[in-house]
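Asks:
Residue numbers (this note's numbering): -14 to 117.
#1: Distance check for residue 4 and residue 191, CA to CA, integer angstroms please.
#2: Any idea if residue 90 is buried or exposed, counting beta-carbon neighbours within 10 angstroms, 16 or more meaning buried?
#3: Going along the chain, which residues of its own chain have a beta-carbon closer than 7 Å to the beta-carbon of residue 97, five neighbours each way excluded?
#4: Let me know the beta strand (DSSP E) ranges lying completely inside the segment 57 to 97, each 3 residues or longer, listed in chain order.
#5: Closest to residue 66 by CA distance: which of 88, 59 and 75 is it?
#6: Can you name, in chain order, every residue of its own chain whose Cβ lies under 7 Å from the Cβ of residue 29, other than the five neighbours on each side?
#7: Pick out whichever of 74, 25, 1 and 60 has its Cα sitting closest to the Cα of residue 106.
#8: Pull up the distance between the alpha-carbon of residue 26 and that of residue 12, whole angstroms please.
#9: Once you ignore the five residues that flank residue 81 on each side, which residues in its own chain have a CB closer than 7 Å to its CB?
#10: Drop a sphere of 10 angstroms on the beta-carbon of residue 100, count the other beta-carbons inside from all chains shown, and report buried for 16 or more, exposed for fewer.
#11: Where residue 55 and residue 33 are concerned, what is the direct C-alpha to C-alpha distance, given to the nearest angstrom?
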């Protein structure tokens, strides 16, 4: 599968049902996060029609698409400019680490713009003024 096809397929990925915890819509105390139904008479476990779909391996996305960002790029964690230089701008996108400060973040963003690398978590930063 070509990179362009993977991106298109990921962005417009096949429609999957929302897997809800059985009867979470009925009781406030139950969160909607999926839990496997284990009751003897559970309608979702028995897969009755009219009840929500059950999680199955058939709903998995294609292997090439798993782990991709919705933009279609693979995420690469970056902490400095040297790590940024190793990125392939056609396949990968940079995510700047949370521990990176403002000055180094500006350097990374500036260099990424020059190299044409997509940054997944850019922040609106004011320019750093040189110290006197």
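Just so it is clear, CB atoms sit at the ideal spot from N, CA and C, and this is done for glycine as well.
Replies: In short:
#1: Not covered by the structure: residue 191. The range shown for the chain is -14 to 117.
#2: With a 10 Å radius around the Cβ and a threshold of 16 neighbouring Cβ atoms, residue 90 comes out buried.
#3: The beta carbon of residue 97 is closer than 7 Å to those of 69, 79 and 104 in its chain, skipping five residues each way along the sequence.
#4: Runs found: 59 to 63 and 77 to 81.
#5: The residue with the shortest Cα to Cα distance from residue 66 is 88.
#6: For residue 29, where only same-chain residues beyond five positions count, the Cβ hits under 7 Å are 7, 22, 36, 37 and 39.
#7: For residue 106, the nearest C-alpha among the options comes from 60.
#8: Distance from the CA atom of residue 26 to the CA atom of residue 12, rounded to whole angstroms, is 18 Å.
#9: Same-chain partners within the cutoff: 63, 90, 93, 104 and 106.
#10: Exposure of residue 100 is indicated by the presence of fewer than 16 other C-beta atoms within 10 angstroms of its C-beta.
#11: Taking the straight line joining both Cα atoms gives about 33 Å.
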